[in-house]
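In what follows, a single structure is set out as structure tokens and then discussed.
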Amino acid sequence: MGEIVGAFVKVARVRDIPPGALARVEVAGQLVCLANVDGAIYAVSDDCPHIGGALSDGELAGCVLTCPVHLARFDARTGKVLRGPARDDVPSYAVRVEGDDIYVAVPE
Ligand code: FES
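Under the working numbering, the sequence shown is numbered contiguously, ending at residue 252.
Below is the structure:
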């Protein structure tokens, strides 16, 4: 915990991900799901911790991200699991926005 150390990678532009939208991007070879929650951008792993559904193909309602495969729900802001069948949280990554550019911390 504590200060974020490590690289941030430019992945997308804010204008391409309006509020309520999801987008799949690649960060250092890993698929990441970006979510615009009421104007703030968050990033979680694109792989559902249940059996790997692509979360960016799911739905976002407010901060609730629903997996398209078996409808597990996560808080897109924190990755916290809200409803099964997934039992584990989805990893979340730090996001930085500079102007129109979105940067995501490289997953460890
Ligand atoms: S793969 Fe996401 S809920 Fe099953």
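Built from N, CA and C at the ideal position, the CB exists for glycine as well.
As assigned by DSSP and simplified to three states, the class of residue i
i: D233; result: coil
i: L199; result: helix
i: A249; result: strand
Beta strand (DSSP E) segment containing residue i, residue limits
i: V225; result: 225-227
i: R159; result: Where R159 is concerned, there is no enclosing beta strand (DSSP E), given that its DSSP letter is neither H nor E.
i: R240; result: 239-242
C-alpha distance - residue i paired with residue j, whole-angstrom precision
i: P212; j: V248; result: 23 Å
i: G228; j: V241; result: 31 Å
i: R157; j: G243; result: 9 Å
i: A220; j: E252; result: 19 Å
i: S200; j: A151; result: 23 Å
i: A216; j: A230; result: 6 Å
Within 8 Å, strictly: CB atoms of residue i and residue j
i: G223; j: T210; result: no
i: C177; j: D190; result: yes
i: P162; j: D182; result: no
i: K154; j: D233; result: no
i: V259; j: V171; result: Nothing can be reported for residue 259: it is not among the residues displayed for the chain, which extend from 145 to 252.
Residue i: CB within 7 Å of a non-hydrogen atom of ligand 2
i: G197; result: Judged by which ligands are present, ligand 2 is missing from the structure shown, whose ligands are ligand 1.
Jot down the residue ranges of each uninterrupted beta strand (DSSP E) in the stretch 167-219, minimum 3 residues, whole runs only, in chain order. 174-181, 184-189, 203-205, 208-210, 217-219
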